[in-house]
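Chains A, B and C, in that order, are what the protein sequence lines are. Our numbering puts the first sequence at residues 780 to 900. Our numbering puts the second sequence at residues 871 to 1445. Our numbering puts the third sequence at residues 179 to 352. Notes to accompany the following structure.
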Amino acid sequence: MKMIKILLKLMIIFLFLQNNSLAETSEEVDKISKNLRCLICQGQSVYDSQSDFALSMKILIQNKIDEGKNDEQIYEYLKAKYGEWIVYDPEMNKNTVLLWVLPLILFVFGSLLILRKVSIR
Amino acid sequence: MVIISFLTLIYAFITSDFSNETVYNNSHTTKPLFYKISGTWGNHEGSLLLWLLVLTIFLFLFTIDSKSLSQRYRTLTLFFQEIIIFGFLLFILFTSNPFANIFPIPSEGTGLNPILQDPALAIHPPILYLGYVGTSIIFSSALGAIISGSINKSWASHIKRWVLISWVFLSIGILLGSIWAYYELGWGGFWFWDPVENVSLMPWLCLTALLHTIFTLEKRGTFQSWAIILSITTFSLSMSGTFLVRSGILNSIHTFANDPSRGVFILCFLFVLIFISIFIYFFYQKTITVDPTKTFLISKETAVLVNNLFMMFFLSVVLIGTVYPIFLEVINNEKISIGPPFYHKLIIPFLIPFLFFMAIGPNIKWIKDKIGKFNLKEIFMFIISIVISYIFVNKFGVSYLLSLPLFIFSLFLFFVTIRDFFGKNINISQKISHFGFSLLILSILLNGVLAKEHSSNMRVGDEIKYLNKIIKFQKIEIIKEKNYESLIGEFNIVDENSSLSLKPEIRIYDQPQTVTSEADISSTIFADNFLVFNIIKNDGFYNVRYQIKPFMIWIWISVLLISLGGILSLKKKNV
Amino acid sequence: MSKNIKLISIVLFTLFSFFILLKGLDKSNIYSPEIKESKVNFNFKAKYLFSEEEVFINELLNNEGMSLINIWASWCLPCRDEHLYLLNLKSLNKLSIIGINYKDDEKNAKQFLSELGNPYTNIITDPKGINSIELGAFGVPETYLIDNKSKLIIQKFIGPLDDEEFEKIIKIIK
């Protein structure tokens, strides 16, 4: 179980380790803005939206990148201003622990049920 | 007993006649009001009437189809089906009466939301509803069967047809919705993990699990309780889908109706049904004759269970991801968004073992099989998959760690399913569906990894270089159409050996005032060239987004293959 | 026995979901941005309207008491509706009103002010809309009541001011 957890964590980490060396700054903006909700739109990301809000947001992200901020810092910065609602990728905290863990618990529970049903011989 | 069934049947005739009439009237009266016939189900009232119409048609079909089964079972099933129809009737009469539209006769209709004026979307709701409503038959029939104690192989082979029908319609419905999103929303994606999309995916996942379970029940007579639970869940999910979409509780691009009173009604109705089914399940559980035979670890039964496990896991991820924000907001008053990154992180790692089991599962025998059946061929294919994936990942500099195993296992599944076509006595429908699925995963993967896009602001006459191509904004034409003004841009995309002209469009509708972007897409079997442009405030500039989407067309084809498998399986049993 | 426990727990869970969803229905699905903590940190440099000089916004919040920051634009229709409230607030002489001119054209902005009157003590520009984001704004018009000393947002008003909100401001600044 512990192994699986570690493995999972590693996978999640590697999901994010895209090759930064090749990335241009504008692609960096795309990447970040895809994870941000356009707050004045209905269910659109900042990346997809052409609204005033989204356009300004993209400029702001570019500026922050130029200032040398990394993704995490930019997300944190925006969360401080607009709350968790703005990011599509909820981080693990006391509010979202069930969100992340519940499906995994169900999976383990299901596996146990199957193992009980199936006779190993 | 006969009298009761007779009365129920009469009742069925009355209600269905009435609802048919309602539908007839509606399409008649709203037709002149709306610009298109599809407007009939583009609105809330119309779409509910469609539900009801389909519900009634299916009821008739069921009555005809189930003649050979026991009277008691049929009566009960019809009874539950009547409850559902009755509930929807009440709903329509009290909260969303379609006739209300008629009285203040407007000289001009408000018009169908232009974003919905699209051929794919015009047939999308009816098809999706056919799927949803099909699950209601499964639900009623499961309840009928558990009370009459007739959950056995013959019930399974009877209800299997309904499961297949719903499943095929749901698959195609989802496909159409996805194609629509790809063309019309102008973002070049085909799946956004938007709540409304999730809502259609959930019953599909559940039905897929049920499908496999029903096959097992038909062949081996096991997993009765599980099949019942799945039947109930599937329908509850379809209903919740209606609730979530129609009540406007979710923040989604697709939510059009927004009326809490409707939401309350569907919600109460949904939970009454759920409660009824829970109690029936628990009180009549003893009628299920427990199958004395054991399930062995290495057997097809186990493989089906493993399939179900994964389906349930994916379902729980989607379900929790969709409703969690609602729960959190009510309990904690905090708003969070759950978007694609969440689903990807939880689903993708589990896809790898899933693909593996899917490759080996179907070839395991019923009842009991031996380990070590892996023959050289399979190992060989596995090694080939590793080599190809490794070369591929290296060549394209794809650096996600996950994509390597994903590639390996989806290629492995791909090869295995292809090989299986050449076996003896094969179950052709299953092979086609599984092959379709492997193709789907593979093309989504290639599409996700190899997709390229470029977005920039351009004026007419501008030229930009992207990769080895030159994108030139040739000209813009303004055409006045009947109910919208159209800006058609012309772009040339030139590389060393080819030239491509794309003409995306911006439409400015006046009734109601909306601006939509129509992407222009040129599809080949290798890749789609996708180009869309938008007006931005700075004079003369347009935001131009160019995307290369590899293997896009294969995603559509693979879903069609999956559905084709279902249709074939349906036909086979009818003969 | 265990069957009953199962039944009860499932029923309870279903009831729980039912009530949650029922309550959820009452909530609007349109985001109502109420910031829980007002500790929005902002300090940005911006150009004055009608001049080339630049200033840090915190320098404009240097006296005791409170300030009102109002995001507006000449092309924004609701801004015209709330303008009267701003002029009223100015006449009270209780607080300085700082205007942020959002994605606007200087000529139009000038005309707007000469037409409707100028309630602002200072006006800074926001041609790209990024200064407003520093404040946590969504669009125009938006108004922030700020404590000058702590530089914290006391109240945030999304959309044009109305009677109720106007009373609220009056109450706070008195």
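C-beta: ideal position from N, C-alpha, C; glycine also. Note that the coordinates shown come from a computational prediction; the quantities given were computed from them, not determined experimentally.
If the cut is a Cβ gap below 8 Å, which residues of chain B does C/V189 touch?
Those are F1145, I1148, listed as they occur along chain B.
Of all the CB atoms in chain A, is at least one closer than 9 Å to the CB of B/G1231?
no
Tell me which same chain residues have a C-beta within less than 6 Å of the C-beta of B/N1022, skipping the five on either side of it?
none
How about B/L1107: is its C-beta nearer than 9 Å to some C-beta of chain C?
Taking Cβ atoms only, chain C never reaches closer than 9 Å to B/L1107, which makes this a no.
Does chain A have any CB closer than 9 Å to the CB of C/F197?
no
Spatially closest choice to B/L1372 from B/G1231, B/I1349, B/Q1344, by CA coordinates
When the alpha-carbon of B/L1372 is set against those of B/G1231, B/I1349, B/Q1344, the nearest one is in B/Q1344.
Return the first residue and the last residue of the alpha helix (DSSP H) that C/G307 is part of.
C/G307 -> no alpha helix (DSSP H), and no H or E assigned at all.
From C/K285 to C/E345, what distance separates their C-alpha atoms?
33 Å
Tell whether a beta-carbon distance below 9 Å holds between B/I1144 and B/S1106.
Yes.
With 9 Å set as the bound, which would you pick, yes or no: does the beta-carbon of B/G1133 sit closer than that to a beta-carbon of chain C?
Chain C contact via Cβ: present.
Does the beta carbon of C/E320 sit closer than 9 Å to a beta carbon anywhere in chain A?
no
May I ask which residues mark the beginning and end of the beta strand (DSSP E) holding B/V1402?
1397 to 1405 is the extent of the beta strand (DSSP E) around B/V1402.
So is B/M1328 in contact with chain A if we call contact Cβ pairs under 9 Å?
no
Please report the Cβ distance between B/T1172 and A/V897, rounded to the nearest whole angstrom; I am assuming they are in contact, meaning their Cβ atoms lie under 8 Å.
5 Å
If you run the structure through DSSP and keep just helix, strand and coil, what is A/L787?
The pLDDT assigned to A/L787 is 43, lower than 50, so where the model puts this residue is not dependable; a value taken from the coordinates is nonetheless given after this. Helix, per DSSP.
So, for A/S805: in the same chain, excluding its five sequence neighbours on each side, which residues have a beta-carbon less than 8 Å away from its beta-carbon?
Q841
Please report how far the alpha carbon of B/F1197 lies from the alpha carbon of A/N874, in whole angstroms.
Distance between the alpha carbons of B/F1197 and A/N874: 11 Å.
On the criterion of 16 or more Cβ atoms from any shown chain inside 10 Å, does B/T1394 qualify as buried, or is it exposed?
exposed
Spell out whether any CB of chain C is found under 9 Å from the CB atom of B/F1152.
yes
How would you call B/G1209, buried or exposed, if buried means at least 16 neighbouring beta carbons within 10 angstroms?
Buried.
Candidates B/A1012, B/I1148, B/S1095, B/F930: closest to C/L193 by CA position:
For the residues B/A1012, B/I1148, B/S1095, B/F930, the minimum Cα distance to C/L193 belongs to B/I1148.
Coil, strand or helix - B/F1141 by DSSP:
helix
Cβ shell of C/L227 (< 7 Å), same chain only, five flanking positions each side left out
In chain order, N279, E284, A287, I301, I302, T303 place their CB closer than 7 Å to the CB of C/L227, counting only its own chain and leaving out the 5 sequence neighbours on each side.
Using only the alpha-carbon positions, how far apart do B/S1369 and B/K1342 sit?
11 Å
So which residues on chain B does A/F832 lean against when the C-beta distance must stay under 8 Å?
For A/F832, no chain B residue has a C-beta closer than 8 Å to its own C-beta; the minimum C-beta separation is roughly 13 Å.
At what residues does the alpha helix (DSSP H) containing B/N1178 begin and finish?
1170 to 1202
Among B/K1247, B/K1235, B/L1281, B/I1234, which has the Cα closest to the Cα of B/V1257?
B/L1281
With a cut-off of 8 Å, do at least 3 Cβ pairs link the region 940 to 959 of chain B to the region 1008 to 1022 of chain B?
yes
Taking one C-beta from the region 1172 to 1188 of chain B and one from the region 1069 to 1086 of chain B each time, how about it: are there three or more such pairs within less than 8 Å?
yes
For A/V825, would you say it is in contact with chain B, using Cβ-to-Cβ distances shorter than 9 Å as the test?
no
Length of the line joining the Cα atoms of B/W1096 and B/M1109
20 Å
Which residues in chain A have a C-beta closer than 9 Å to the C-beta of B/N1404? List them in chain order.
Q829
Between the C-alpha atoms of C/I186 and B/N1233, what's the straight-line distance to the nearest angstrom?
41 Å
Please state the DSSP three-state secondary structure of B/M1422.
helix
Any idea if B/F1285 is buried or exposed, counting beta-carbon neighbours within 10 angstroms, 16 or more meaning buried?
buried
Burial state of A/E846 (16 or more Cβ within 10 Å):
exposed
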